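Asks:
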Amino acid sequence: MGSITLQNVSKTFGEVSVIPSIDLEINNGEFAVFVGPSGCGKSTLLRLIAGLEDVSGGKILIDGKDATDKAPSQRGLAMVFQSYALYPHMSVRSNIGFPLKMAKVDKAEIDRKVEEAAKILNLTDYLERKPRNLSGGQRQRVAIGRAIVRSPECFLFDEPLSNLDAALRVNMRLEISELHQKLKATSIYVTHDQVEAMTMADKIVVLNKGRIEQVGSPLELYRSPRNLFVAGFIGSPK
Ligand code: ADP
Ligand code: MG
1 MGSITLQNVS KTFGEVSVIP SIDLEINNGE FAVFVGPSGC GKSTLLRLIA GLEDVSGGKI
61 LIDGKDATDK APSQRGLAMV FQSYALYPHM SVRSNIGFPL KMAKVDKAEI DRKVEEAAKI
121 LNLTDYLERK PRNLSGGQRQ RVAIGRAIVR SPECFLFDEP LSNLDAALRV NMRLEISELH
181 QKLKATSIYV THDQVEAMTM ADKIVVLNKG RIEQVGSPLE LYRSPRNLFV AGFIGSPK
């Protein structure tokens, strides 16, 4: 359940090769963090996995099955973006329940799922509010709630905290880690923030110019960076 495998995955935009070739295995239930400088291809890789972009070559397996040609909605994934993209005129309840409404789930079931997600995210008291009456952290939790209601096998996070101030970021980091402990869904979390990578990851994937520099646990990368790039980015100097 929920493993993600990339086999020789590449992506070219026009003439430009953004991802030459990536092989990667993310195990079921793992919290993987893609880290690397701005422009190195983190979002592109996540969008390929989500099916929001087509691969130029290679295969993507989800749960061991070829998902390369599947539509995003058929992949069992939920994506949480940096911009919250909440509907301003809708209540928190309607925002969280929106994906289920689109999927024509009946109202009683939507209410049940929304309330369950709200409980996990400490939003129970805010269900009837509009997004403008929430704090930044609460809004981000609503965005996560909208991902949770579909009970995805995998979560994909693209720099979800980069719009928040430093103190809130620390809080949300802990909340997302706690959420992962509760749901145990395979997660890929993209960030350019080394501290987020080191504190949240089971597995860190260090990317540079569309290539993987190293894959390992935070401790492995810290203790034995493979090269100066990894050392400079994450580890102690080699
Ligand atoms: P990151 O998320 O690590 O900052 P991105 O995946 O957004 O990096 O971008 C990687 C590279 O691919 C950048 O050079 C970017 O300009 C390029 N790129 C991303 N999306 C497109 C696109 N739709 N068309 C052309 N180039 C793109
Ligand atoms: Mg990005």
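In terms of UniProt numbering, the sequence shown opens at residue 1 and continues consecutively. Idealized CB from N, CA, C, for every residue including glycine. All of these numbers come straight from a predicted model, not from anything done at the bench.
1) List the residues that DSSP assigns as beta-bridge partners of Q7.
2) Please confirm whether any heavy atom of the ligand SAM lies closer than 8 Å to the CB of V230.
3) Hey, would you say G210 sits closer than 9 Å to T44, going by beta carbons?
4) Is the CB of M102 under 9 Å away from at least one CB in chain C?
5) Can you tell me the Cα-Cα spacing of N133 and R93, whole angstroms?
6) In whole angstroms, give me the CA-to-CA distance for L161 and I148.
7) When we look at the beta-carbon of Q214 and count the other beta-carbons within 10 Å, is it buried (16 or more) or exposed?
8) Tell me the residue span of the beta strand (DSSP E) that contains S94.
9) Tell me, please, which residues DSSP counts as bridged to G51.
10) Could you check whether S21 and G57 sit closer than 9 Å to each other, using their CB atoms as the reference points?
11) Quick one: using the 10 Å Cβ neighbour count with 16 as the cut-off for buried, is P131 buried or exposed?
12) Determine the extent of the alpha helix (DSSP H) in which P88 is found, giving its start and end residues.
13) What is the residue span of the beta strand (DSSP E) that P225 lies within?
14) What span of residues does the beta strand (DSSP E) with N208 cover, start to end?
15) Below 9 Å between beta carbons: does that hold for Y189 and E178?
16) Per the DSSP calculation, C154 is bridged to which residue(s)?
17) Tell me whether E109 is buried or exposed, calling it buried when 16 or more other Cβ atoms sit within 10 Å of its Cβ.
18) Sorted by chain position, which residues of the same chain lie with C-beta nearer than 7 Å to K238's C-beta, five sequence neighbours on each side aside?
Replies: Taking the definition as stated:
1) On the sequence shown, residue 7 is found 7 positions in, with the first residue counted as 1. Per DSSP, K59.
2) As presented, the structure is devoid of the ligand SAM, carrying the ligand ADP and the ligand MG as its sole ligands.
3) Residue numbering aside, residue 210 sits at position 210 when the sequence shown is read from its first letter. Residue numbering aside, residue 44 sits at position 44 when the sequence shown is read from its first letter. Closer than 9 Å, so yes.
4) The question asks about chain C, but that chain is absent: this structure has only one protein chain.
5) As a first step, residue 133 is located in the sequence shown; it is residue number 133 there, counting from the start. As a first step, residue 93 is located in the sequence shown; it is residue number 93 there, counting from the start. Going from the Cα of N133 to the Cα of R93 covers about 13 Å.
6) Here residue 161 refers to the residue found at position 161 of the sequence shown. Here residue 148 refers to the residue found at position 148 of the sequence shown. Between L161 and I148, the C-alpha separation is close to 17 Å.
7) What you label residue 214 is simply residue 214 of the sequence shown in a count that begins at 1. Flag for Q214 reads buried.
8) If you number the sequence shown from 1, residue 94 lands on position 94. Boundaries for S94: no beta strand (DSSP E) harbours it, while the alpha helix (DSSP H) harbouring it runs 92 to 102, taken from the DSSP string.
9) Position 51 of the sequence shown, counted from the start, is the residue given in the question as residue 51. None, per the DSSP bridge assignment.
10) The residue you call residue 57 lines up with position 57 of the sequence shown. The residue you call residue 21 lines up with position 21 of the sequence shown. Against a cut-off of 9 Å, the Cβ pair of S21 and G57 comes out as a contact.
11) As a position in the sequence shown, residue 131 is number 131, starting the count at 1. P131 sits buried, since 16 or more C-beta atoms from the chains shown fall within 10 Å of its C-beta.
12) Position 88 of the sequence shown, counted from the first residue, corresponds to residue 88. Unbroken run through P88: none, as it is neither H nor E.
13) Residue mapping note: residue 225 aligns to position 225 of the sequence shown, counting from 1. Boundaries for P225: no beta strand (DSSP E) harbours it, and the DSSP string shows neither H nor E there.
14) Here residue 208 corresponds to residue number 208 of the sequence shown, with the count starting at 1. Judged by DSSP secondary structure, N208 falls within the beta strand (DSSP E) whose first and last residues are 203 to 208.
15) In the sequence shown, counting from the first residue as 1, residue 189 sits at position 189. In the sequence shown, counting from the first residue as 1, residue 178 sits at position 178. The answer is no: Cβ separation not under 9 Å.
16) In the sequence shown, the residue the question calls residue 154 occupies position 154. As computed with DSSP, C154 is found in a beta bridge with L77, T186.
17) Position 109 of the sequence shown holds residue 109. The residue in question, E109, is exposed, as its Cβ has fewer than 16 Cβ neighbours within 10 Å.
18) The sequence position of residue 238 within the sequence shown is 238, counting from 1. Any reading at K238 needs caution, since the residue's pLDDT is 45, under 50, leaving its predicted position unreliable; the model's value is listed next. Excluding sequence neighbours, K238 sits near P225, L228, A231.
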